[in-house]
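Contents: one structure, followed by commentary.
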Amino acid sequence: MSERAIELEVLRYNPETDSAPRFQRYAIACPEEWVVLDALNHVKESVDPTLSYRWSCHMAVCGSCGMMINGEPKLACKAFLRDYDGVIRVEPLAHFPVERDLVTVIDDFMAKLARVRPYLMPKDAKAIEAGEYRQTPAELARFKRYSMCINCMLCYAACPEYALIPKYIGPAAIALAHRWNQDSRDGGREARQAEIAATEGAWECSFVGACSEVCPEHVDPAGAIQQVKIRSTVDWYTRHLMPWLKK
Amino acid sequence: METVTTDVAIIGAGGAGLRAAIALAQAAPSLRIALISKVYPMRSHTCAAEGGAAGVIKPDDSLEQHFEDTVGGGDWLSDQDAVDLFIREAPKELIQLEHWGCPWSREADGSVAVRPFGGMKKQRTWFAADKSGFHILHTLFQTSLQFASIQRFDEYYATDLLVDEGRCVGLVAIEMRSGQMRRFDARAVIVAGGGAGRMFPFTTNGAVKTGDGMALAYRAGVPLKDMEFVQYHPTGLPSTGTLLTEACRGEGGVLLNKDGRRFLQDYGMGPETPLGKPELKTMELGPRDRVSQAFWQEQKKGRMVATKWGECMLLDMRHLGEKKIDERLPLVRDMSISYMGVDPVKEPVPVRPVVHYMMGGIHTDINAATPLPGLFAAGECACVSINGANRLGSNSLTELLVFGRRAAQSAIEYVAQGGHPANGGALADAAQARLRELMQRTGGTETVAGLRKEMMQTMEEHAGIYRSGEGLAAACAKLAELRGRYTHIELHDKTNVYNTDLLQALELGSMLECAEAVVQSALARRESRGAHQRVDFTARDDAKYLRHSLAHYQGSQAPRVAYCDVVITRSKPGVRDYSGGHA
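Protein sequence lines correspond, in order, to chains A and B.
Residue numbering for the first sequence follows this note's numbering, beginning at 18 and increasing consecutively.
Residue numbering for the second sequence follows this note's numbering, beginning at 2 and increasing consecutively.
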């Protein structure tokens with residue numbers, strides 16, 4: 018098994034003992050096929066048990082291990098060492114407060130997710146005994162990609178608007194609201210619009226598209242946000258210019 | 002210590018915990034629910050389940066056939082009354098998830114699609130491509146956000162249940178963010194803490210699966226049932242242990258030895274079926290225990306493929322074609338390429354059996370109630386048992402729904418009987434004192450990483466697919482030693498905020514206790530059944546062992562292993578036939 022020597026430069030911060038964040042270097046030998054998470058686990062196990070970070074599945078589905086790797090938001094379990102040269106810099110996800118080391122405080126995202134009402138508000142209520150709603154593969158395809166969000170928050174770390182305007186509800190939460198709006202079984206769009214079409218909602222987005230570029234699940238939040246804008250524009254014209262049209 | 006007063010506390014916010022929370026919020030809106038988890042709900046390991054969830058829905062299927070497949074698949078160690086309840090509730094729970102918006106894959110007419118799965122005689126596995134668990138978890142989590150009565154305590158690690166006068170009256174947990182302990186006074190507690198696969202070095206299980214829920218109940222005096230039954234999933238990526246779903250074979254993938262032979266036909270799962278036309282309940286659609294055992298046998302004969310990660314069989318999906326693989330198995334393709342550099346469209350993928358699931362767990366009855374009043378359990382941490390000696394793939398996602406809800410109903414009934422929570426204050430103080438001692442200990446001679454490694458090696462060597470009395474006896478001795486040495490660990494990190502050194506030390510404590518229950522129960526079971534295969538007792542022995550094992554906690558001593566009867570209603574123990582009708 019071929020090994021290579023790597024050097025990690027990891028941001029460390031313990032609010033109890035550090036007055037400011039600092040970087041710490043770890044030089045280790047790794048198998049060629051390792052990801053950054055494997056290297057961190059090696060450090061934790063064999064070099065420095067005080068290093069703190071979140072991880073679980075090691076297969077890019079639990080969304081725990083989002084961090085900045087050489088300045089880019091990445092899942093550490095899908096950041097392959099073979100793609101990096103020189104010292105690899107590992108920092109907590111940008112735009113979130115640091116709780117400790119690579120662990121961020123994600124209260125803001127959790128609150129915003131709840132605010133967009135990310136659950137089915139049935140268009141037509143149905144009893145269990147009546148069986149499933151019919152939904153064709155084409156109807157499923159209208160929202161499927163937006164349902165793939167793993168809540169890793171890489172998109173918030175990439176978003177320049179979120180950096181400037183912390184109240185901005187942000188890419189993942191809007192994409193998930195859009196996911197429910199697009200679902201053929203759902204009738205809750207109006208209830209969600211108050212949050213996602215408000216000034217702190219989709220209109221804050223200046224369509225840089227960084228969110229979609231960093232998304233590890235190809236959810237395309239930028240596309241979702243643009244669709245929300247279009248729908249809310251149509252809503253506005255319908256309300257103000259053609260009041261005789263019922264929605 | 003700050004105290005949270007609630008009505009029902011749930012430990013674990015994966016599939017079972019969330020399902021229980023929603024059921025409580027819907028059926029008893031006046032009850033306060035504390036949903037406590039060491040990780041944010043969407044990080045729970047339910048998210049990693051790929052293949053799907055079983056429930057009878059199609060006209061050519063029947064509840065009776067799901068019953069037979071499950072009971073036979075479990076080598077008759079399943080409780081048949083529980084299986085009956087399970088298969089009846091299964092379709093309702095899956096439809097309920099559909100009504101909550103779960104993006105199940107569909108037929109052209111808009112009805113829910115089903116796929117074949119191992120050991121199932123009919124197609125009855127509902128799926129959402131190959132991210133079924135992920136979609137179930139997120140559907141449940143997002144649905145739970147609409148209920149104000151569910152108060153979440155994310156990243157709280159439960160260290161002890163509070164038991165007063167023979168009743169469970171709450172728990173204590175560490176808030177990771179502050180390192181402070183909180184006492185939860187609750188009228189009922191539901192444990193939904195997941196499995197314990199991290200006892201082994203090579204596992205599909207995420208880092209969180211350290212048996213904490215099992216250990217909590219065990220230490221509180223509830224026996225762990227059937228712990229010797231550890232499921233190996235046949236197809237893990239050898240580099241990382243990452244799961245490649247059984248749906249790979251359900252969709253038509255085949256398993257080859259180094260000569261290109263579909264070797265399962267040589268182990269009672271043949272004759273060979275035509276390539277690309279998988280037949281149910283035979284060959285590659287045999288049950289997981291049999292397929293993993295066939296691998297082990299074939300490896301002994303020197304017919305496996307050498308890779309730099311050890312010997313492997315080959316999972317060949319090339320004949321499925323790119324379109325089908327991308328539509329039905331996109332994650333499988335992505336992970337094979339990412340972690341192995343192998344594109345299943347073009348090449349067979351090397352795979353080998355990997356620890357996947359605990360059939361055993363917290364002893365509960367059919368109502369998800371444990372013998373300790375006020376304590377309920379559901380999901381992988383619990384053992385009802387519907388899975389017996391070997392779980393069929395796609396029964397566990399359904400199980401956490403059916404019994405998560407059931408646990409909620411039982412908790413509601415229990416709480417309605419009245420009785421105020423007793424005062425767990427003194428118990429909570431004792432728990433805090435124990436934690437403080439661990440945090441402040443100096444002069445310790447052991448490390449978390451060191452003991453964990455020795456535990457994993459012991460489990461791998463002696464508690465794997467085939468076991469021997471000699472090996473298990475050695476494992477029992479080793480685990481007793483490790484548990485002794487565990488009292489001498491010293492933390493490197495003695496600070497409070499998000500201390501993962503402390504967290505891993507506590508998780509190791511849980512795993513050592515679960516591991517000891519596994520090897521002691523395995524040593525005591527002198528027969529071969531399902532996933533428990535003894536090289537020194539190769540036959541099933543119904544006269545002596547058609548019984549559930551119950552490992553009782555004995556403090557620093559090894560557990561006492563006792564037994565209770567299996568509930569048999571109408572299926573008498575028989576021969577497990579996976580020959581496709583050619584036996």
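Glycine included, C-beta positions come from ideal geometry on N, C-alpha and C.
Just so it is clear, the structure is predicted and the values come from calculations on it, not from any experiment.
Q.
Can you pull the chain A neighbours of B:Trp-297, defined as C-beta to C-beta under 9 Å?
A. Near B:Trp-297 there are no residues of chain A at all, since even the closest Cβ is about 24 Å away, more than 9 Å.
Q: Establish whether the CB of A:Lys-264 and some CB of chain B are separated by less than 8 Å.
A: Bear in mind that the predicted position of A:Lys-264 carries a pLDDT of just 45, short of 50, making it too unreliable to give a figure here.
Q) Relative to chain B, which residues along the stretch 41 to 62 of chain A have a C-beta separation below 7 Å, given in chain order? A) Against chain B - using a Cβ distance shorter than 7 Å - the residues of the stretch 41 to 62 of chain A are Glu-50 and Glu-62.
**Q.** Own chain, CB closer than 7 Å to A:Arg-117, minus 5 neighbours either side, in chain order
**A.** Tyr-30, Asn-31, Pro-32 and Ser-69
Q.
Any beta carbon from chain A within less than 8 Å of B:Tyr-157's own beta carbon?
A. no
Q: Report buried or exposed for A:Trp-261, applying the criterion of at least 16 other Cβ atoms within 10 angstroms of its Cβ.
A: exposed
Q | Cut-off 6 Å between Cβ atoms - residues of its own chain near B:Glu-1, not counting five sequence neighbours on either side | A | The requested residue 1 of chain B is not part of the displayed model; chain B covers only 2 to 584.
Q | Test: B:Cys-48 CB closer than 8 Å to a CB of chain A | A | yes
Q: Determine contact between the stretch 34 to 52 of chain B and the stretch 56 to 75 of chain A, defined as no fewer than three beta-carbon pairs at a distance below 8 Å.
A: With three or more CB-CB distances shorter than 8 Å, the stretch 34 to 52 of chain B counts as touching the stretch 56 to 75 of chain A.
Q: Have a look at B:Gly-322 and B:Asp-344 and give me their C-alpha separation to the nearest angstrom.
A: 11 Å
Q. Can you tell me the Cα-Cα spacing of B:Leu-286 and B:Met-121, whole angstroms?
A. 8 Å
Q) Around the Cβ of B:Gln-612, are there at least 16 other Cβ atoms within 10 angstroms (buried) or fewer (exposed)? A) For residue 612 of chain B there is no data in the structure shown, the boundaries of chain B being 2 and 584.
**Q.** Span of the alpha helix (DSSP H), counted from its first residue to its last, around A:Tyr-43
**A.** Counting along the chain, A:Tyr-43 falls outside any alpha helix (DSSP H), though it belongs to the beta strand (DSSP E) covering 39 to 48.
Q. Tell me, which residues are paired with B:Gly-16 by DSSP?
A. Answer is none; B:Gly-16 lacks a bridge partner.
Q) Is it right to say B:Lys-132 is buried, meaning 16 or more other beta carbons lie within 10 angstroms of its own, or is it exposed? A) buried
Q. Nearest-angstrom Cα distance between B:Ala-559 and A:Ala-155?
A. 58 Å
Q.
DSSP three-state label for A:Phe-97, please.
A. strand
Q) Terminal residues of the continuous alpha helix (DSSP H) containing A:Ala-189? A) 188 to 198
Q. Are the beta-carbon atoms belonging to B:Leu-513 and B:Tyr-487 less than 8 Å from one another?
A. yes
Q) If you follow the beta strand (DSSP E) that A:Trp-177 is part of, which residue opens it and which one closes it? A) Reading off the sequence shown, one finds Pro at residue 177 of chain A, where the question assumed Trp. Element bounds for A:Pro-177: not the beta strand (DSSP E) but the alpha helix (DSSP H), 177 to 181.
(Q) Between which residues of its own chain and B:Tyr-554 is the CB-CB distance below 7 Å, once the five residues before and five after are set aside? (A) Tyr-219, Arg-220, Gly-222 and Pro-560
Q | 7 Å CB neighbourhood of A:Asp-237 in its chain, flanking five on each side removed | A | Cβ within range, chain order: Arg-162 and Ser-229.
Q: Use the C-beta contact count for A:Lys-264: other C-beta atoms within 10 angstroms, 16 or more gives buried, fewer gives exposed.
A: Residue confidence for A:Lys-264 is low, a pLDDT of 45 falling below 50, so the modelled location carries little weight and cannot support an answer.
Q) Rounded C-beta distance between B:Arg-33 and B:Gln-152? I'm assuming under 8 Å. A) 7 Å
Q: Select from B:Ala-187, B:Met-284 and B:Lys-210 the residue whose C-alpha is nearest the C-alpha of B:Gly-196.
A: Restricting attention to B:Ala-187, B:Met-284 and B:Lys-210, the CA atom closest to the CA of B:Gly-196 is found in B:Lys-210.
Q.
Cutting at 7 Å between CB atoms, please list the residues of its own chain near B:Gly-531, excluding the five before and the five after it.
A. Counting only Cβ-Cβ distances below 7 Å, and skipping sequence neighbours, we find Gly-75, Asp-76, Leu-78, Phe-230, Asp-290, Gly-389, Ala-390 and Asn-391.
Q. Is the beta carbon of B:Ala-49 sitting closer than 8 Å to the one on A:Cys-176?
A. no
Q) Quick one: what's B:Val-352 bridged to in DSSP? A) B:Met-314
**Q.** Range covered by the beta strand (DSSP E) that runs through B:Ser-112
**A.** No beta strand (DSSP E) holds B:Ser-112; DSSP gives it neither H nor E.
**Q.** Presumed contact (8 Å Cβ cut-off) between A:Leu-137 and B:Trp-101, rounded CB distance
**A.** 6 Å
Q) Apart from the five residues just before and just after B:Arg-334, which ones in its own chain have a Cβ nearer than 6 Å to its Cβ? A) For B:Arg-334, where only same-chain residues beyond five positions count, the Cβ hits under 6 Å are Ile-326 and Pro-345.
Q) Does DSSP put A:Lys-264 in a helix, in a strand, or in coil? A) Confidence is the limiting factor: at A:Lys-264 the pLDDT is only 45, short of 50, which leaves the residue's position unreliable, though a coordinate-based value still follows. Coil.
Q. Is the Cβ-Cβ distance between B:Cys-169 and B:Leu-373 less than 8 Å?
A. For B:Cys-169 and B:Leu-373, yes; Cβs fall inside 8 Å.
Q) Smallest Cα separation from A:Gly-218: which of A:Met-165, A:Thr-255 and A:Tyr-185? A) Checked all of A:Met-165, A:Thr-255 and A:Tyr-185; the closest Cα to A:Gly-218 is A:Tyr-185.
Q.
Please report the distance separating the alpha-carbon of B:Val-185 from that of B:Val-173.
A. According to the sequence shown, residue 185 of chain B is Phe rather than Val. About 6 Å.
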